[in-house]
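Step one of this worksheet: look at the structure below.
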Amino acid sequence: MPQITVDYSERLADGFDRPGFAKALHTAVVDIAAAKPPACKTRFRRTEDTTVGPDTEGHAVVHVHIGLLAGRTDETKARLTEAVLDLLRQYVKPGEGLALHASAEVRDLDPSYRKFDA
820 MPQITVDYSE RLADGFDRPG FAKALHTAVV DIAAAKPPAC KTRFRRTEDT
870 TVGPDTEGHA VVHVHIGLLA GRTDETKARL TEAVLDLLRQ YVKPGEGLAL
920 HASAEVRDLD PSYRKFDA
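Residue numbers for the sequence shown follow this note's numbering, so the first one is 820 and each next one is one higher.
Okay, here's the thing in structure tokens:
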């Protein structure tokens, strides 16, 4: 915990500082949601195709999913979501003529969530 997944358009591969974003995001999660630094885990998934409305060209999408153990207030989750969007503005630089669509969500992990570290 937290479990973080970042889906992003392939067109952003060269303009997205993923290691820098992950480090800054982990700091925000620790500061805002009281997570422990070693518990922060982020994985990035590049998506090949993006369609926005009727357009298959000219757009790129980044969506950040953050799953936390239950117990954070809605206010804490909203603050974290806003922090994620601010970080995306800093760490994602879309190429010329590319419209960026960025979003984030913070949700509670299901009560069935379990983990182990080996």
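Every residue, glycine too, gets a C-beta built ideally from N, C-alpha and C.
With contacts defined by Cβ atoms closer than 8 Å, Glu-829 and Thr-875 do not form a contacting pair.
Under the DSSP definition of a beta bridge, Glu-894 lacks any partner. Each of Ser-922, Thr-846, Tyr-827 and Ala-918 was checked against the Cα of Glu-901, and the nearest Cα belongs to Ser-922. The beta-carbon distance between Thr-869 and Ala-841, rounded to whole angstroms, is 22 Å. This is too long to meet the 8 Å contact definition.
Tyr-827 carries a strand assignment under DSSP once its states are collapsed to helix, strand and coil. In the three-state reduction of the DSSP assignment, Lys-842 falls in the helix class, which pools H, G and I.
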